[in-house]
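*Asks:* Position in the sequence shown (from 1) plus 205 gives the number in the working numbering.
We put the beta carbon where it would ideally sit given N, CA and C, even for glycine.
Here the structure is a predicted model, which is why all the values come from computation and not from measurement.
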Amino acid sequence: MAVIHIDGTTVEVDSADNLLQACLSLGIDVPYFCYHPALGSVGSCRQCAVKQFQNKEDMEAGRGRLVMSCMVAPGDDMYISVTDDEAKAFRKSMVELLMTNHPHDCPTCEEGGHCHLQDMTYMSGHSRRRYRFTKRTHHNQELGPFIAHEMNRCIACYRCVRFYKDYAGGEDLGVYGSNNRVYFGRDKDGQFESEFSGNLTEVCPTGVFTDKTHSERYNRKWDMQYAPSICHGCSAGCNISPGERYGELRRIENRYNGEVNRYFLCDRGRFGYGYVNRDDRPTQALERINDKHVKINIDYALDETIKRIKDKKVIGIGSPRASLETNFALKNLVGFDNFSTGLNHQQQALVNKCIEVLSTEGIYNPSMTDIETHDAVLVLGEDITQTSSRVALSVRQAAKNEGLKMAAALQTQPWLAEPVKRIAQDALSPIYVIDVTQTKLEDISKVSVVATPEDITKLGFKVADEIANFADDLADIADPQAADASTETDGMQALAQQIAYDLIQADKPLVVSGSSLSSTALIEAAAQITQALTQKRAAIKATEQQQVEAHNAKVQAAQAKAANDQPEEDQDLSAKPNKPETGVNTEAQDDVEREPAEKLELKGINDKYQAQAGIYLTVPDANSIGVCMLSGQSVEELLATDYDVVVVAENQLTDAIDANKLTQLLTDKTVIALDHQLLDWHKDVDIVLPAASFAEADGTLISAEGRAQRFFQVYDNEYYHPMSSIKEGWRWIHAVHSSIEGRDVDWTQLDDVINALIATHPKLSGIKGAAPDADYRITGLKIARQPRRYSGRTAMRAPISVHEPMQPKDLDTGLTFSMEGYSGKETPSSMIPFANAAGWNSPQAWNKYQDKVGGHLKNGDPGVRLFDQLERLATRQYVAPEAMSSNTTDLQQGQAKLVPIHNIYASSMMASRSPIVAEQLPVAAWRIGIDDAKDWNIAAGDYLAVEIDKQQITLPVQLVGYLAEGCIGYPVGQVSIIHPSMPASVRKVDAPVTMMGSMANDMINDNDTAQINAAPTTTQEV
206 MAVIHIDGTT VEVDSADNLL QACLSLGIDV PYFCYHPALG SVGSCRQCAV KQFQNKEDME
266 AGRGRLVMSC MVAPGDDMYI SVTDDEAKAF RKSMVELLMT NHPHDCPTCE EGGHCHLQDM
326 TYMSGHSRRR YRFTKRTHHN QELGPFIAHE MNRCIACYRC VRFYKDYAGG EDLGVYGSNN
386 RVYFGRDKDG QFESEFSGNL TEVCPTGVFT DKTHSERYNR KWDMQYAPSI CHGCSAGCNI
446 SPGERYGELR RIENRYNGEV NRYFLCDRGR FGYGYVNRDD RPTQALERIN DKHVKINIDY
506 ALDETIKRIK DKKVIGIGSP RASLETNFAL KNLVGFDNFS TGLNHQQQAL VNKCIEVLST
566 EGIYNPSMTD IETHDAVLVL GEDITQTSSR VALSVRQAAK NEGLKMAAAL QTQPWLAEPV
626 KRIAQDALSP IYVIDVTQTK LEDISKVSVV ATPEDITKLG FKVADEIANF ADDLADIADP
686 QAADASTETD GMQALAQQIA YDLIQADKPL VVSGSSLSST ALIEAAAQIT QALTQKRAAI
746 KATEQQQVEA HNAKVQAAQA KAANDQPEED QDLSAKPNKP ETGVNTEAQD DVEREPAEKL
806 ELKGINDKYQ AQAGIYLTVP DANSIGVCML SGQSVEELLA TDYDVVVVAE NQLTDAIDAN
866 KLTQLLTDKT VIALDHQLLD WHKDVDIVLP AASFAEADGT LISAEGRAQR FFQVYDNEYY
926 HPMSSIKEGW RWIHAVHSSI EGRDVDWTQL DDVINALIAT HPKLSGIKGA APDADYRITG
986 LKIARQPRRY SGRTAMRAPI SVHEPMQPKD LDTGLTFSME GYSGKETPSS MIPFANAAGW
1046 NSPQAWNKYQ DKVGGHLKNG DPGVRLFDQL ERLATRQYVA PEAMSSNTTD LQQGQAKLVP
1106 IHNIYASSMM ASRSPIVAEQ LPVAAWRIGI DDAKDWNIAA GDYLAVEIDK QQITLPVQLV
1166 GYLAEGCIGY PVGQVSIIHP SMPASVRKVD APVTMMGSMA NDMINDNDTA QINAAPTTTQ
1226 EV
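1. Assign Met928 to one of three DSSP states: helix, strand, or coil.
2. For Val654, which beta-bridge partners are listed by DSSP?
3. In the DSSP assignment, find the unbroken alpha helix (DSSP H) run with Ile935 in it and report its ends.
4. Let's see if you can read the secondary structure: which residues bound the alpha helix (DSSP H) around Gly374?
5. Residues in the same chain with beta-carbon distance under 8 Å from Glu1009, minus the five sequence neighbours each way, listed in chain order, please.
6. Evaluate Lys146 with the Cβ neighbour count: other Cβ atoms within 10 Å of its Cβ, from every protein chain shown; 16 or more gives buried, anything less gives exposed.
7. For a test of the three-state rule: what should DSSP assign to Gln857, helix, strand or coil?
8. Are the CB atoms of Asn444 and Val465 within a distance shorter than 8 Å?
9. With distances taken from CA atoms, which of Val890, Gly1134, Val1198, Pro1038 is nearest Asn459?
10. Assuming Asp681 and Asp580 form a contact by the criterion Cβ under 8 Å, report the distance between their Cβ atoms to the nearest whole angstrom.
11. Would you mind working out which of Gly474, Ala1040, Asn570 sits nearest Tyr1110, comparing C-alpha positions?
12. Please state the DSSP three-state secondary structure of His309.
13. With DSSP as the reference, please indicate the residues paired to Met283 in a beta bridge.
14. On the criterion of 16 or more Cβ atoms from any shown chain inside 10 Å, does Ser1203 qualify as buried, or is it exposed?
15. Taking 8 Å as the cut-off, decide whether the C-beta atoms of Pro992 and Met1036 are in contact.
16. Under the rule that 16 or more other beta-carbon atoms within 10 Å means buried, what is Phe338, buried or exposed?
17. Tell me the DSSP secondary structure of Leu225 in three-state form.
18. Indicate whether Leu835 and Asn532 have their beta-carbon atoms separated by less than 8 Å.
19. Which residue marks the beginning of the alpha helix (DSSP H) containing Thr590, and which one marks its end?
20. Specify the secondary structure class of Arg601 as computed by DSSP and reduced to three states.
21. Let me know if Ser524 comes out buried or exposed under the rule of 16 or more other beta-carbons within 10 Å of its beta-carbon.
22. Would you grab the beta carbon distance between His942 and Leu563 for me? Rounded to a whole angstrom, and I think it's under 8 Å.
23. Run the CB neighbour count on Ala845, radius 10 Å, all protein chains shown included, and call it buried at 16 or more, exposed below.
24. Can you tell me whether Ala1101 is buried or exposed, with buried defined as 16 or more other CB within 10 angstroms of its CB?
25. Just confirm the distance between the C-beta atoms of Met356 and Tyr388, as a whole number of angstroms; I'd bet it's less than 8 Å.
26. Bridge partners for Arg493 per DSSP, in chain order?
27. Just to confirm, are Leu1126 and Ala1145 a CB contact at a threshold of 8 Å?
28. Any idea if Thr313 is buried or exposed, counting beta-carbon neighbours within 10 angstroms, 16 or more meaning buried?
29. Alpha carbon to alpha carbon, how far is Thr735 from Gln817?
30. Helix, strand or coil for Ile988, going by three-state DSSP, please let me know.
31. Quick check on Phe666 - is its C-beta less than 8 Å from some C-beta in chain B?
32. Would Ala603 and Val582 qualify as a contact pair, given that the criterion is a beta-carbon distance under 8 Å?
33. Alpha carbons only, please: which of Asn384, Gly477, Tyr369, Tyr1027 is nearest the one belonging to Lys417?
34. So, Ser724 versus Thr662, is the Cβ gap smaller than 8 Å?
35. Given Val655, which residues of its chain have a CB within under 7 Å of its CB, disregarding the five upstream and five downstream residues?
36. Might you give, ordered along the chain, the residues of its own chain that have their beta carbon closer than 7 Å to the beta carbon of Lys261, omitting 5 neighbours on each side?
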C-alpha cells in the first residue's frame, strides 16, 4: 500500500496499481481512452494527464510536471493534482485533437448514449469544435452478420487490436497505414475468425465496431429494459445483461463478475439469443388433433392436461437446459422415483463423474478468473475453444504468466503492457493441449498433440504415474529434456515425463478436461493427475519446510556462537615484528586467497509454490451440474418402465435418444411437453404448454464450477401480447399438480419453490444465497430494470390500445418492470441489471461498481460455490482401464471409428436455432486427416456413408491438417450420432443427386417414401 495526496486529500491506495486505476478506484473521475483494466496501459492517448509534484512545497508553489497517470505507479508521499488548470487544459486539448477527424454523427451513431468517447469528451470539458478543414475519411469493411464497421469514428486508441490479438489470440484484425491514416480492420472483407470478436463492440470506446444483430431493430441503451441474467449457451456460467424493447430481445451485453467472466463474453453467448425471438415459438398452448397442432386457450389447456394426467402413471423428463426450479417442480409432480434428468445413461454418467471428482477431498476447482493465475496448464481431451470458449480465453491469459514473472524479476509492473510484452518476447507458460483434433490453442501451446480418446486417457494415467514417481525434493527432479539422448524412450512415455515435470515445477498447475469425448475414464485420468500433483507437491512443500528449518537452525546456532565466542584482539601479539628466522611472514599470510565461507542468512519458504493443484471440468449444458445434483434416472431407464403419461420439460430428447427409437417408445402414450421452442419430435406430443425462455423467467443454474447463480426475467411477454399464455415451466407444472391434489396453489413466488427444493435436497441449500429474496428493498424501493431516461412507454402498446395499462408487477424478485425504483451502486451484485453511473454510460461504468478497478464487485461477486459447502468424499485412486484393442477406420473392411468435432455455434442446439447464427453454420462434413486420406484414397469433396445405431448418414469429406490417426470426425450438433463409440461401418458413395423443380415433385408424388438426399448444412435441415 502507498499513502498519496490527491488535491489536498490524503488517501491510501494499492501500490501495485497504476495511478489512473487508483484514482478511479477512489471514485475520482480521470478521463482515459487507451487504458482498459484487462489490457493494461500503453499511454498512447495522452488523455489521463495529471500533475505530479516533487513534494508538498512544490505543490503549494504550483511547480509540477504533467504525467500520464496510467503509466505511473503510486509511491509513498506522492503529491498529485487532477484538478490543476494545466492538467485540465491539456486533457481538453487532447480530446480536441482526437476529435478533429471524428464525425458529428452522434444522433445517428449506434453507440450514442452508450459511448465512452461521449463520456470522456464531456468529462474533459471539450464542447466546441474549432477544426474547420476537410476530415480524413475511410472506407468501411463488411465484417459479417455480427459486427458493423464505421472506421471514420476511430480515434486510434489501439484497444481493438490489443484485445483481439494480444488478449484473445486473434490473427485477422490488424493495424494498417501510419500517422493520421492509420486503419484498423482485416486485410480483406469477411467475418472475424475469433470466437471473441463480439467484445470489440464493448472494448471500442467509440462506434467503430457495433453490434449488427441489434442494428435491424435498433434503439438507444436508455430505451431498453434489462435484467441480470446468466448465459445459457454453455456450462461456464457467464453473467449477461439482456436488453429488451417491444417484447423482444435486442442485444446482450457483458455483465461484470469478478470471479467468472469479468469484462468479456464469447460470441455464442453474445449473438446466440435469436431463438427467443423466433416467430414459430409456441406462445399459446397447442393440442394435437388429427395429427395437427391446434391452439387452445390457457384454461382449456390446464383442464385437458389435468384430465390426461389424473389417476394415470406419470413420469417426468427434466432437462439440463431448464432451471433448477422447473426441474424440481416436475420431480415433485411425478414423484422422485419417476423423474429423469433428461440425459441418457452415458451423458448422465459423465456429469455424475464430474460431480464426484469435484466433491472429492483435496480437489480444488478454480473459477475462470482464478484459471488466469495458473502458470502451467494441461488441457486433456477437450476442445475448450469450441465447447466452453470463455474458459479458453482464461487459459490464454494463464499462458502469459511466464512473461509476467520475467517482468517482475526486472521490477516491471504487470500493467505496463508493452514493456512486459518486450521483456517476455515469445516466452509462454507451459500449456499442453491433447485432443482428437487441432485446436485454436495451438498457438500458445508448448506441445499440441492429436490422439484417439483411448490414447489420451492412457497418456493421462502415465502422467499421473510419472508425478507419483518423482522425488520429494524439487532439486532432485531432473528435466527430461536434459536427460541422456542415447536412452530410447517410448514417445508417449517421453511426453508424459515432460508434462509431469512442467506441472510439478510450476508454482500453480491446472488440469482442464471434460465430457466432450464421452469418456469417464478420461475424466478419471484428469482427476488422478490432479490428486497426484497435490499429494506430491504437498510432500515437496514438507521437504522444503524441513530443509528450511534445518538450515535456519544452523544459521541461528552459528550466529549465536559468533556472538558469544568472539575473541578479543591481543594488541601485544599484533604488535610483534616478523621474525625471518622463524620463516613466518605475516604479510604474506594476509595475501593468501581463501574460499569465502558459506553465507549465513535465514531462508524463507517459497510461498508462490502452492501445494494445491486445480482441475476444471466442462460439461455440455448450462444446468447439467444442477439437474444431476437434483438426481434422477436416465432417459432410457425411465422410458423402459411402465407408464401412461410422460411430461417433458424443455428438452430436445433427440439429443439423448435416437429419434426413431423415441417415436416407438412414445407410441400409444400421452405426451405433454413444456417448451419455448417447437422441436421436430413435438409431432408426437399431445399437448404443448408454452414455457418461458430465460428472458421471460426467473430461475437458478449451476455452472461447471459448481457456482449457483440466479437469472431474472427481462420482460413480461403478456404485457406486449395479451393473448400469450407463456408461463415459467414451474408455474405450469405446479398449477397442474395443485389441481390434481385439490389444493390451492401455494407456490406463488420463486422463493416458495426454492424453499421447497432445499427442504428435500439439502445438498442444494446454497442456492438460497444466490440472490436476495422477493421482499428485498433499498430504501423501500425495488430495483429498476429500466434506466432513468427510458421513454415511449405509452406508445409501445398503441397498436393494442391507446390506454396505457399499469406496468407488470414482479412478485418473484426485488426487481421492478419500470424506471421507477432504485438505480445505483448499492444494488446487490446479483441484481445489477445494467451498468450506469453519473457521467458514465458506456460499459466502463462497471468501474463504479467495483471495490477497485478490475477487481471484485463492491458487494461481492454473484454466485455461491456449492462444492465448497458440501461434505467432501474420501480421496480415491483412479486406475487406468485395462488395455483394449481400440478399433480404427478401415475402408476396405468397411469399419469406422468416429470422434466428435465441436463447433462453437453448430454444437449448441439453441444457438443454432437463432436465424443469424444458423446462416453461419459450417457445412456438415466428415473430417479426415490428410495422411489418413492419402492412405484411404479419399479426396476433399468425396462422399462417405456411415452407418451407426441403425441409421445411415451421408456427408462430404473435409480434409484437415491433423486428426486422431485412423479416425473420422463427425460434426456434433449437425448429425444425430448419440453413441459414437458404438460399432460403425463406412463406405465411399457417389455424391447425392439433388433434383430440382417438377422432377423432384413427381418423384415424391410417385413414392412418398422417396427421399432427396443432400448434405445438410444446418441443424434444422438435419
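*Replies:* Per the coordinate set shown:
1. If you number the sequence shown from 1, residue 928 lands on position 723. Looking at Met928 - three-state DSSP - the assignment turns out to be coil, as it is neither helix nor strand.
2. Residue mapping note: residue 654 aligns to position 449 of the sequence shown, counting from 1. For Val654, which the question treats as bridged, DSSP gives the partners Ile639.
3. Reading the sequence shown from its first residue, position 730 is the one you call residue 935. The question names Ile, but residue 935 in the sequence shown is Trp. Segment 934 to 946, the alpha helix (DSSP H) holding Trp935.
4. Position 169 of the sequence shown holds residue 374. It is not in any alpha helix (DSSP H) - Gly374 carries neither H nor E in the DSSP assignment.
5. Locating residue 1009 in the sequence shown gives position 804, counting from the first residue. Arg998, Thr999, Arg1002.
6. No statement about residue 146 is possible, as the shown extent of the chain runs from 206 to 1227 and does not include it.
7. For the purposes of this step, residue 857 is taken as residue 652 along the sequence shown, with counting starting at 1. The answer is coil: DSSP assigns Gln857 none of H, G, I, E or B.
8. As a working mapping, residue 465 is identified with position 260 in the sequence shown. As a working mapping, residue 444 is identified with position 239 in the sequence shown. Their beta carbons are under 8 Å apart, which means Val465 touches Asn444 by this criterion.
9. Here residue 459 corresponds to residue number 254 of the sequence shown, with the count starting at 1. Out of Val890, Gly1134, Val1198, Pro1038, Pro1038 has the C-alpha closest to the C-alpha of Asn459.
10. Within the sequence shown, the letter at position 476 stands for residue 681. Within the sequence shown, the letter at position 375 stands for residue 580. Actually they do not touch by this definition, with Cβ atoms about 21 Å apart.
11. Within the sequence shown, the letter at position 905 stands for residue 1110. Among Gly474, Ala1040, Asn570, the Cα nearest to that of Tyr1110 belongs to Gly474.
12. As a first step, residue 309 is located in the sequence shown; it is residue number 104 there, counting from the start. Coil, per DSSP.
13. Here residue 283 refers to the residue found at position 78 of the sequence shown. Ile209.
14. Stepping through the sequence shown from its first residue, residue 1203 is reached at position 998. The predicted model places Ser1203 with a pLDDT of 49, which falls under 50 and marks its position as unreliable; any figure quoted below should be read in that light. Exposed is the call here.
15. Counted from its first residue, the sequence shown places residue 992 at position 787. Counted from its first residue, the sequence shown places residue 1036 at position 831. No.
16. Sequence index remark: in the sequence shown, residue 338 carries index 133 (1-based). Exposed is the call here.
17. As a position in the sequence shown, residue 225 is number 20, starting the count at 1. If DSSP states are grouped into helix, strand and coil, Leu225 belongs with the helices.
18. Residue numbering aside, residue 835 sits at position 630 when the sequence shown is read from its first letter. Residue numbering aside, residue 532 sits at position 327 when the sequence shown is read from its first letter. Yes, the Cβ-Cβ distance between Leu835 and Asn532 is below 8 Å.
19. Position 385 of the sequence shown, counted from the start, is the residue given in the question as residue 590. Note, Thr590: alpha helix (DSSP H), 589 to 592.
20. For the purposes of this step, residue 601 is taken as residue 396 along the sequence shown, with counting starting at 1. Of the three classes helix, strand and coil, the one that applies to Arg601 here is helix, per DSSP.
21. Here residue 524 refers to the residue found at position 319 when the sequence shown is read from its first residue. Result: buried.
22. Your numbering for residue 942 matches position 737 in the sequence shown. Your numbering for residue 563 matches position 358 in the sequence shown. Not confirmed; about 33 Å, so no contact.
23. Position 640 of the sequence shown, counted from the first residue, corresponds to residue 845. With fewer than 16 other Cβ atoms within 10 Å, it is exposed.
24. Your numbering for residue 1101 matches position 896 in the sequence shown. Buried.
25. Numbered from 1 along the sequence shown, position 151 holds the residue referred to as residue 356. Numbered from 1 along the sequence shown, position 183 holds the residue referred to as residue 388. Right, their Cβ atoms sit about 6 Å apart.
26. Locating residue 493 in the sequence shown gives position 288, where the first residue counts as 1. Paired residues: His498.
27. To locate residue 1126, count along the sequence shown from 1; it is residue 921. To locate residue 1145, count along the sequence shown from 1; it is residue 940. No. Outside cutoff.
28. Position 108 of the sequence shown, counting from 1, holds the residue named residue 313. By the 10 Å Cβ count, Thr313 comes out exposed.
29. Your numbering for residue 735 matches position 530 in the sequence shown. Your numbering for residue 817 matches position 612 in the sequence shown. If you take the alpha carbons of Thr735 and Gln817, they lie about 9 Å apart.
30. If you number the sequence shown from 1, residue 988 lands on position 783. DSSP places Ile988 in strand when its eight states are reduced to three.
31. Protein chains in the displayed structure number just one, and chain B is not present.
32. Numbered from its first residue, the sequence shown carries residue 603 at position 398. Numbered from its first residue, the sequence shown carries residue 582 at position 377. Yes. Within cutoff.
33. If you number the sequence shown from 1, residue 417 lands on position 212. Considering only alpha carbons, the answer is Gly477.
34. Translated into positions along the sequence shown, residue 724 becomes position 519. Translated into positions along the sequence shown, residue 662 becomes position 457. Yes, they are a contact pair.
35. Position 450 of the sequence shown, counting from 1, holds the residue named residue 655. Closer than 7 Å at Cβ, skipping near neighbours: Asp640, Val641, Thr642, Gln643, Tyr1167, Leu1168, Ala1169.
36. The sequence position of residue 261 within the sequence shown is 56, counting from 1. The residues are Tyr284.
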